[in-house]
Amino acid sequence: MASFAELGQFDKILLYSKKVDYSPDYASLLQHLARSNPDKASEFASQLVNDESGPLVDLERVVDIFMSQNMIQQATSFLLDALKDNKPEQGALQTRLLEMNLVNAPQVADAILGNEMFSHYDRPRIANLAEKAGLVQRVSSFLLFSNQS
């Protein structure tokens, strides 16, 4: 495992782990990779979460790792992929995705909201942040949606 990690061959870690029936600390491996190669870390995180046997690492933990390195773009990319099914139990992560982008990249948040990809996030919280980010049209749509509910 250490050799694969040192060589940057993180894709081989998954294959080897399954072959020898070993479960490494994927979060630690991901944290190491995030420091050395942010784009590869995002790719590795997606592999871990989309594994055929189910997620090999907690989604919240992945986001925490990316955010600890101020990797907003990688966290966003990861979450857009991980949350693509728009499940009700992912509401907190949908909110977190929108929050981080409203604070750091409002145009990205605007695009995500405009695509109506998610429906389980904390609407009042996001409306408040959208207003602070100057996305007045988004705030209006939240109010209209709330009145229709």
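When we follow numbering that gives the first Met the number 0, the leftmost residue of the sequence shown carries the number 0, and every step to the right adds one.
C-beta atoms are modelled at their ideal positions from N, C-alpha and C, and glycine is treated no differently.
Note that this is a predicted model, so its numbers are computed, not measured.
Review point. Leaving out the 5 sequence neighbours to the left and right, which residues in its chain are closer than 6 Å to A108 when beta-carbon positions are compared?
Key: Residue 108 sits at position 109 when you count from the first residue of the sequence shown. Only L97, N100 and L101 meet the Cβ criterion.
Check your understanding: Using CA coordinates, which residue listed in D20, S35, Q73 and P87 is at the minimum distance from Q8?
Key -> Taking the sequence shown and counting its residues from 1, one reaches residue 8 at position 9. Among D20, S35, Q73 and P87, the Cα nearest to that of Q8 is on S35.
Practice item. Quick one: grab the DSSP three-state call for K18. Key: Locating residue 18 in the sequence shown gives position 19, counting from the first residue. Looking at K18 - three-state DSSP - the assignment turns out to be helix.
Point to revise | Same chain, Cβ closer than 6 Å to I125, five either side skipped, listed in chain order | key: For this step, residue 125 is matched to residue 126 along the sequence shown. Contacts found: L97.
Practice item. Answer yes or no: do L82 and Q93 have a C-beta to C-beta separation smaller than 7 Å? Key: The count along the sequence shown starts at 1 and reaches residue 82 at position 83. The count along the sequence shown starts at 1 and reaches residue 93 at position 94. Their beta carbons are under 7 Å apart, which means L82 touches Q93 by this criterion.
Point to revise | Inter-residue CB distance, A40 and L55 (contact presumed, cutoff 8 Å) | key: Within the sequence shown, residue 40 is the residue found at index 41, counting from 1. Within the sequence shown, residue 55 is the residue found at index 56, counting from 1. So it is not a contact: roughly 14 Å between Cβ atoms.
Review point. In its own chain, which residues sit with a C-beta less than 8 Å from the C-beta of L47, not counting the 5 before and 5 after it?
Key: Indexing the sequence shown from 1 puts residue 47 at position 48. Closer than 8 Å at the Cβ level, and outside the excluded window around L47, lie L13, Y25, L29, P54, L55, V56 and V61.
Exercise for review: Helix, strand or coil for H119, going by three-state DSSP, please let me know.
Suggested key: Here residue 119 corresponds to residue number 120 of the sequence shown, with the count starting at 1. If DSSP states are grouped into helix, strand and coil, H119 belongs with coil.
Check your understanding: According to the neighbour-count rule (16 or more other Cβ atoms, all chains shown, within 10 Å of its Cβ), is Y21 buried or exposed?
Key -> Position 22 of the sequence shown, counted from the start, is the residue given in the question as residue 21. Label assigned to Y21: exposed.
Point to revise | Top-ranked residue by Cα proximity to A44, from E88, I111, L112 and L78 | key: Translated into the one-based positions of the sequence shown, residue 44 becomes position 45. In this structure, L78 is the residue among E88, I111, L112 and L78 with its C-alpha nearest to the C-alpha of A44.
Review point. Beta-carbon separation of P105 and M70 under 7 Å?
Key: As a position in the sequence shown, residue 105 is number 106, starting the count at 1. As a position in the sequence shown, residue 70 is number 71, starting the count at 1. No, they are not a contact pair.
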